[in-house]
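Written below as C-alpha coordinates is the structure these notes are about.
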Amino acid sequence: MRLIVCGLVACALTAASAEADDSSAALSAGGIVFTRNTPVRMAAEDLAISPKAVRIRFEFANDTDKDIDTVVAFPLPDIDMATFWSTPLGAVIDNPLNFVGFKAVVDGKAVPLSVEQRAFLKGKDVTALIVGAGLPVNLIAGNGYQKLDALPPDEHRRLMAAGAVQGDGKTEFVPQWIVRTRFYWTQRFPAHKTVVIEHSYQPVTGQSFFSAADAKGPYNGVNYCLDAPTRAAIRAKAAERKKADPEGGGYLTAYQTDYILKTAGNWRGPIGRFRLTLDKLKPGSVMSLCWDGPLQKTGPTTFEAVRTNFAPARDIHLLVLQ
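Here the sequence shown stands for residues 106 to 427, where the numbers follow the working numbering.
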(Lines of atoms letter the chains of each structure in order from A and count residues from 1; the text may use other names and numbers.)
(Lines give C-alpha, C1' and ligand atoms only; values in the text may rest on other atoms or scores of the structure.)
Protein backbone atom coordinates (compact mmCIF):
# COMPACT_ATOMS: atom_id res chain seq x y z
CA MET A 1 0.00 0.00 0.00
CA ARG A 2 1.40 3.31 -0.94
CA LEU A 3 0.75 6.97 -1.54
CA ILE A 4 -1.17 8.83 -4.19
CA VAL A 5 -0.57 12.50 -4.81
CA CYS A 6 -3.58 14.62 -5.88
CA GLY A 7 -6.27 12.00 -5.91
CA LEU A 8 -7.45 8.50 -5.28
CA VAL A 9 -6.72 5.54 -7.51
CA ALA A 10 -8.97 2.51 -7.25
CA CYS A 11 -7.28 -0.45 -5.60
CA ALA A 12 -7.77 -3.95 -6.85
CA LEU A 13 -9.32 -6.54 -4.60
CA THR A 14 -7.84 -9.99 -4.90
CA ALA A 15 -8.85 -13.19 -3.21
CA ALA A 16 -6.06 -15.46 -2.12
CA SER A 17 -6.00 -18.87 -3.77
CA ALA A 18 -6.99 -21.62 -1.36
CA GLU A 19 -7.00 -25.38 -1.78
CA ALA A 20 -8.52 -26.09 1.65
CA ASP A 21 -10.87 -24.61 4.24
CA ASP A 22 -9.87 -22.15 6.98
CA SER A 23 -8.44 -19.68 4.49
CA SER A 24 -8.59 -15.89 4.56
CA ALA A 25 -8.37 -13.41 1.71
CA ALA A 26 -5.69 -10.87 0.88
CA LEU A 27 -6.21 -7.29 -0.26
CA SER A 28 -3.79 -5.69 -2.68
CA ALA A 29 -3.24 -1.95 -2.56
CA GLY A 30 -1.99 0.79 -4.81
CA GLY A 31 1.20 2.70 -5.39
CA ILE A 32 2.45 6.23 -5.60
CA VAL A 33 0.72 8.06 -8.41
CA PHE A 34 0.85 11.66 -9.49
CA THR A 35 -2.49 12.12 -11.20
CA ARG A 36 -1.11 14.88 -13.38
CA ASN A 37 2.35 15.64 -14.68
CA THR A 38 4.46 17.41 -12.09
CA PRO A 39 8.10 18.47 -11.82
CA VAL A 40 8.45 16.65 -8.48
CA ARG A 41 10.94 13.82 -8.96
CA MET A 42 11.18 10.57 -6.99
CA ALA A 43 14.87 10.50 -6.19
CA ALA A 44 14.72 7.30 -4.14
CA GLU A 45 12.37 4.68 -2.78
CA ASP A 46 13.06 2.04 -0.13
CA LEU A 47 10.34 -0.61 0.08
CA ALA A 48 10.32 -3.35 2.74
CA ILE A 49 7.68 -6.09 2.62
CA SER A 50 6.89 -9.03 4.87
CA PRO A 51 3.59 -10.81 5.56
CA LYS A 52 3.30 -8.76 8.76
CA ALA A 53 4.52 -5.27 7.84
CA VAL A 54 5.15 -2.89 4.96
CA ARG A 55 7.49 0.08 5.37
CA ILE A 56 8.25 2.61 2.65
CA ARG A 57 10.58 5.59 2.49
CA PHE A 58 10.40 8.06 -0.39
CA GLU A 59 12.66 10.96 -1.29
CA PHE A 60 10.87 13.54 -3.46
CA ALA A 61 12.96 16.28 -5.07
CA ASN A 62 11.51 19.55 -6.35
CA ASP A 63 13.98 20.79 -8.95
CA THR A 64 11.96 23.90 -9.84
CA ASP A 65 12.29 27.49 -8.61
CA LYS A 66 8.82 27.43 -6.99
CA ASP A 67 7.33 25.67 -3.99
CA ILE A 68 4.68 23.09 -4.86
CA ASP A 69 1.69 22.56 -2.56
CA THR A 70 -0.49 19.53 -3.20
CA VAL A 71 -2.72 16.99 -1.51
CA VAL A 72 -1.06 13.67 -0.77
CA ALA A 73 -3.53 10.81 -0.35
CA PHE A 74 -3.12 7.26 0.86
CA PRO A 75 -5.95 4.96 -0.28
CA LEU A 76 -6.69 1.85 1.67
CA PRO A 77 -7.89 -1.11 -0.41
CA ASP A 78 -11.54 -1.19 -1.43
CA ILE A 79 -13.54 -3.71 0.60
CA ASP A 80 -16.59 -5.47 -0.82
CA MET A 81 -18.92 -5.97 2.15
CA ALA A 82 -20.77 -8.81 0.39
CA THR A 83 -17.58 -10.76 -0.29
CA PHE A 84 -16.42 -10.65 3.30
CA TRP A 85 -19.85 -11.44 4.72
CA SER A 86 -18.99 -15.06 3.92
CA THR A 87 -15.22 -15.04 3.34
CA PRO A 88 -12.77 -14.19 6.13
CA LEU A 89 -10.45 -11.28 5.47
CA GLY A 90 -6.76 -11.49 6.29
CA ALA A 91 -5.69 -10.02 9.63
CA VAL A 92 -6.84 -6.44 10.12
CA ILE A 93 -6.77 -4.04 13.04
CA ASP A 94 -10.09 -3.61 14.85
CA ASN A 95 -10.56 -0.03 13.65
CA PRO A 96 -13.23 0.63 10.99
CA LEU A 97 -11.36 3.66 9.61
CA ASN A 98 -7.70 2.67 9.90
CA PHE A 99 -7.93 -1.10 9.59
CA VAL A 100 -4.27 -1.43 8.56
CA GLY A 101 -2.75 0.84 11.21
CA PHE A 102 -1.44 3.36 8.66
CA LYS A 103 1.14 5.87 9.94
CA ALA A 104 2.95 8.63 8.04
CA VAL A 105 6.01 10.73 8.82
CA VAL A 106 7.37 13.67 6.80
CA ASP A 107 10.95 14.78 7.41
CA GLY A 108 10.92 12.98 10.75
CA LYS A 109 7.64 14.42 12.04
CA ALA A 110 4.30 12.61 12.33
CA VAL A 111 1.68 13.84 9.86
CA PRO A 112 -1.76 14.93 11.13
CA LEU A 113 -4.07 12.96 8.85
CA SER A 114 -7.56 13.63 7.57
CA VAL A 115 -9.70 10.64 6.64
CA GLU A 116 -12.54 10.08 4.19
CA GLN A 117 -14.57 6.87 4.14
CA ARG A 118 -17.49 6.38 1.75
CA ALA A 119 -19.90 3.60 0.78
CA PHE A 120 -20.66 2.92 -2.89
CA LEU A 121 -23.39 0.78 -4.42
CA LYS A 122 -23.06 0.17 -8.17
CA GLY A 123 -21.02 3.36 -8.46
CA LYS A 124 -23.45 5.50 -6.44
CA ASP A 125 -22.45 7.08 -3.14
CA VAL A 126 -24.78 5.63 -0.48
CA THR A 127 -22.86 6.78 2.59
CA ALA A 128 -25.78 8.83 3.92
CA LEU A 129 -28.10 5.81 3.61
CA ILE A 130 -25.75 3.54 5.56
CA VAL A 131 -24.86 6.04 8.26
CA GLY A 132 -28.50 7.10 8.53
CA ALA A 133 -29.38 3.52 9.43
CA GLY A 134 -27.00 3.73 12.37
CA LEU A 135 -24.30 1.57 10.79
CA PRO A 136 -20.57 2.12 10.30
CA VAL A 137 -19.58 2.26 6.64
CA ASN A 138 -17.02 -0.51 7.21
CA LEU A 139 -18.69 -3.50 8.85
CA ILE A 140 -15.62 -5.72 9.12
CA ALA A 141 -14.16 -4.08 12.22
CA GLY A 142 -16.05 -3.25 15.39
CA ASN A 143 -18.75 -5.97 15.12
CA GLY A 144 -20.33 -4.19 12.16
CA TYR A 145 -22.04 -7.27 10.71
CA GLN A 146 -23.69 -7.97 14.06
CA LYS A 147 -24.91 -4.37 14.15
CA LEU A 148 -26.49 -4.88 10.73
CA ASP A 149 -28.28 -8.03 11.92
CA ALA A 150 -29.57 -6.20 15.01
CA LEU A 151 -31.21 -3.30 13.14
CA PRO A 152 -34.97 -2.81 13.59
CA PRO A 153 -37.17 -4.43 10.89
CA ASP A 154 -38.04 -1.03 9.40
CA GLU A 155 -34.36 -0.25 8.79
CA HIS A 156 -33.81 -3.69 7.26
CA ARG A 157 -36.69 -3.11 4.86
CA ARG A 158 -35.42 0.36 3.94
CA LEU A 159 -31.92 -0.92 3.17
CA MET A 160 -33.26 -3.88 1.19
CA ALA A 161 -35.58 -1.64 -0.83
CA ALA A 162 -32.57 0.49 -1.79
CA GLY A 163 -30.60 -2.60 -2.84
CA ALA A 164 -27.98 -1.97 -0.16
CA VAL A 165 -28.81 -5.25 1.59
CA GLN A 166 -29.94 -8.63 0.26
CA GLY A 167 -31.19 -11.70 2.08
CA ASP A 168 -34.29 -13.42 3.37
CA GLY A 169 -35.36 -10.41 5.44
CA LYS A 170 -35.46 -12.51 8.62
CA THR A 171 -32.10 -13.90 9.64
CA GLU A 172 -29.88 -13.27 6.61
CA PHE A 173 -28.81 -9.72 5.76
CA VAL A 174 -25.96 -9.42 3.26
CA PRO A 175 -24.55 -5.90 2.66
CA GLN A 176 -23.93 -5.02 -0.99
CA TRP A 177 -21.84 -1.86 -0.84
CA ILE A 178 -18.11 -1.27 -1.35
CA VAL A 179 -16.09 0.67 1.21
CA ARG A 180 -13.52 3.19 0.00
CA THR A 181 -11.20 4.82 2.52
CA ARG A 182 -8.36 7.26 2.11
CA PHE A 183 -6.12 9.29 4.37
CA TYR A 184 -4.82 12.61 3.08
CA TRP A 185 -2.92 15.74 3.96
CA THR A 186 -1.59 18.87 2.25
CA GLN A 187 2.12 18.66 1.53
CA ARG A 188 4.58 21.37 0.49
CA PHE A 189 7.56 20.48 -1.68
CA PRO A 190 9.95 23.46 -1.34
CA ALA A 191 11.89 24.67 -4.36
CA HIS A 192 15.24 22.93 -4.83
CA LYS A 193 14.66 20.79 -1.73
CA THR A 194 14.12 17.10 -1.01
CA VAL A 195 11.21 15.93 1.13
CA VAL A 196 11.32 12.54 2.84
CA ILE A 197 7.96 10.80 3.27
CA GLU A 198 7.83 7.56 5.25
CA HIS A 199 4.84 5.40 6.00
CA SER A 200 4.09 1.99 7.40
CA TYR A 201 1.10 -0.30 7.76
CA GLN A 202 0.03 -3.87 8.39
CA PRO A 203 -0.77 -5.52 5.05
CA VAL A 204 -3.97 -7.51 4.66
CA THR A 205 -2.16 -10.79 4.11
CA GLY A 206 -4.16 -13.80 3.01
CA GLN A 207 -3.66 -17.17 4.65
CA SER A 208 -4.48 -20.66 3.40
CA PHE A 209 -3.35 -24.27 3.48
CA PHE A 210 -0.83 -25.25 0.80
CA SER A 211 0.15 -28.77 -0.28
CA ALA A 212 2.91 -30.07 -2.51
CA ALA A 213 0.26 -30.60 -5.20
CA ASP A 214 -0.61 -26.88 -5.10
CA ALA A 215 2.91 -26.08 -6.29
CA LYS A 216 2.08 -27.83 -9.57
CA GLY A 217 -0.99 -25.71 -10.29
CA PRO A 218 -0.89 -23.04 -13.02
CA TYR A 219 -2.13 -20.22 -10.78
CA ASN A 220 0.64 -20.51 -8.21
CA GLY A 221 3.23 -21.27 -10.87
CA VAL A 222 2.43 -18.12 -12.83
CA ASN A 223 1.47 -15.77 -9.98
CA TYR A 224 4.52 -16.55 -7.85
CA CYS A 225 6.96 -17.74 -10.55
CA LEU A 226 7.59 -21.09 -8.86
CA ASP A 227 10.72 -22.57 -10.43
CA ALA A 228 12.06 -26.13 -10.12
CA PRO A 229 14.25 -25.49 -7.02
CA THR A 230 11.38 -23.77 -5.23
CA ARG A 231 8.97 -26.59 -6.06
CA ALA A 232 11.54 -29.07 -4.76
CA ALA A 233 11.87 -27.10 -1.52
CA ILE A 234 8.08 -27.09 -1.14
CA ARG A 235 7.88 -30.85 -1.68
CA ALA A 236 10.64 -31.44 0.86
CA LYS A 237 9.01 -29.20 3.45
CA ALA A 238 5.59 -30.80 2.89
CA ALA A 239 7.12 -34.28 3.26
CA GLU A 240 8.82 -33.20 6.47
CA ARG A 241 5.53 -31.85 7.79
CA LYS A 242 3.66 -35.05 6.88
CA LYS A 243 6.30 -37.20 8.57
CA ALA A 244 6.01 -35.16 11.76
CA ASP A 245 2.19 -35.20 11.64
CA PRO A 246 0.84 -38.02 9.42
CA GLU A 247 -2.78 -37.08 10.12
CA GLY A 248 -2.18 -33.48 9.07
CA GLY A 249 -1.76 -34.35 5.39
CA GLY A 250 1.54 -32.52 4.94
CA TYR A 251 -0.10 -29.12 4.52
CA LEU A 252 1.97 -25.97 4.85
CA THR A 253 0.63 -22.56 5.83
CA ALA A 254 0.71 -20.11 2.93
CA TYR A 255 0.84 -16.34 3.42
CA GLN A 256 -0.01 -14.22 0.36
CA THR A 257 0.93 -10.53 0.45
CA ASP A 258 0.10 -8.37 -2.59
CA TYR A 259 1.60 -4.97 -3.37
CA ILE A 260 0.80 -2.86 -6.41
CA LEU A 261 4.17 -1.56 -7.53
CA LYS A 262 3.21 -0.40 -11.02
CA THR A 263 2.17 3.22 -11.15
CA ALA A 264 1.07 5.83 -13.65
CA GLY A 265 4.60 7.24 -13.52
CA ASN A 266 3.49 10.87 -13.79
CA TRP A 267 6.36 12.14 -11.72
CA ARG A 268 9.43 13.44 -13.48
CA GLY A 269 11.33 10.44 -14.84
CA PRO A 270 11.88 6.99 -13.31
CA ILE A 271 12.70 6.23 -9.67
CA GLY A 272 16.32 7.31 -9.27
CA ARG A 273 17.27 4.58 -6.80
CA PHE A 274 14.95 1.76 -5.76
CA ARG A 275 15.67 -0.76 -3.02
CA LEU A 276 13.41 -3.71 -2.25
CA THR A 277 13.78 -5.70 0.97
CA LEU A 278 11.80 -8.91 1.49
CA ASP A 279 11.50 -10.76 4.80
CA LYS A 280 10.19 -14.35 4.95
CA LEU A 281 10.09 -14.12 8.79
CA LYS A 282 11.57 -17.57 9.58
CA PRO A 283 14.81 -19.10 8.25
CA GLY A 284 13.03 -22.34 7.32
CA SER A 285 10.26 -20.65 5.33
CA VAL A 286 10.03 -20.98 1.55
CA MET A 287 9.57 -17.68 -0.31
CA SER A 288 8.70 -17.03 -3.94
CA LEU A 289 7.64 -14.10 -6.12
CA CYS A 290 8.06 -12.83 -9.66
CA TRP A 291 10.91 -10.34 -9.85
CA ASP A 292 12.94 -9.16 -12.82
CA GLY A 293 16.53 -9.35 -11.64
CA PRO A 294 18.63 -10.89 -8.88
CA LEU A 295 17.71 -11.00 -5.19
CA GLN A 296 20.64 -11.04 -2.78
CA LYS A 297 20.34 -12.85 0.55
CA THR A 298 21.24 -10.32 3.27
CA GLY A 299 20.30 -12.22 6.42
CA PRO A 300 18.70 -15.41 7.74
CA THR A 301 15.27 -14.27 6.50
CA THR A 302 15.91 -11.21 4.32
CA PHE A 303 16.59 -10.65 0.63
CA GLU A 304 17.36 -7.42 -1.21
CA ALA A 305 17.34 -5.98 -4.72
CA VAL A 306 18.63 -2.57 -5.81
CA ARG A 307 17.79 -0.89 -9.11
CA THR A 308 18.62 2.51 -10.59
CA ASN A 309 16.44 4.55 -12.93
CA PHE A 310 13.71 2.05 -12.16
CA ALA A 311 10.30 2.00 -13.89
CA PRO A 312 8.29 -0.89 -12.36
CA ALA A 313 6.67 -3.17 -14.93
CA ARG A 314 4.87 -5.60 -12.61
CA ASP A 315 3.26 -5.79 -9.20
CA ILE A 316 4.56 -7.84 -6.29
CA HIS A 317 2.78 -11.03 -5.22
CA LEU A 318 4.75 -12.50 -2.35
CA LEU A 319 4.23 -16.10 -1.25
CA VAL A 320 5.70 -17.30 2.05
CA LEU A 321 5.25 -20.93 3.10
CA GLN A 322 5.77 -22.14 6.66
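A virtual CB, placed ideally from N, CA and C, is assigned to each residue, including glycine.
DSSP three-state call for residue 190: helix, strand or coil?
helix
Residue 208 (DSSP reduced to helix, strand or coil)
strand
Is DSSP giving residue 358 helix, strand or coil here?
strand
Between residue 261 and the rest of its own chain, which residues show a CB-CB distance below 8 angstroms, the 5 nearest in sequence each way excluded?
270, 274 and 278
Cα separation between residue 153 and residue 161?
6 angstroms
Whose C-alpha, out of 228, 281 and 226, is nearest the C-alpha of residue 250?
281
With H, G and I counted as helix, E and B as strand and the rest as coil, what does DSSP make of residue 198?
coil
Taking 8 angstroms as the threshold (C-beta atoms), are residue 413 and residue 378 in contact?
yes
From what residue to what residue does the beta strand (DSSP E) around residue 157 run?
Counting along the chain, residue 157 falls outside any beta strand (DSSP E), and DSSP gives it neither H nor E.
Own chain partners of residue 416 with C-beta closer than 6 angstroms, once the 5 adjacent residues on each side are dropped:
375
Can you give me the C-alpha to C-alpha distance between residue 358 and residue 146, rounded to a whole angstrom?
41 angstroms
Which word fits residue 325, buried or exposed, when buried means at least 16 other C-beta atoms lie within 10 angstroms of its C-beta?
buried
I'd like to know if the region 211-228 and the region 295-302 are in contact, where contact means that at least 3 CB-CB pairs between them fall below 8 angstroms.
yes
With residue 419 as the anchor, note down where its alpha helix (DSSP H) starts and where it stops.
Per DSSP, residue 419 belongs to no alpha helix (DSSP H) and is neither H nor E.
Could you say which of 156, 157, 165 and 144 lies nearest to residue 150 if we only look at CA atoms?
165
Can you find the residues in the same chain that come closer than 7 angstroms, C-beta to C-beta, to residue 187, ignoring five residues on each side of it along the sequence?
279, 280 and 281
Check for me: the beta strand (DSSP E) holding residue 414 runs from which residue to which?
407-415
Should residue 238 be labelled buried (16 or more other beta-carbon atoms within 10 Å of its own) or exposed?
buried
Which residues mark the beginning and the end of the beta strand (DSSP E) in which residue 174 is found?
173-180
Check whether the Cβ atoms of residue 201 and residue 169 sit closer than 8 angstroms, and answer yes or no.
no
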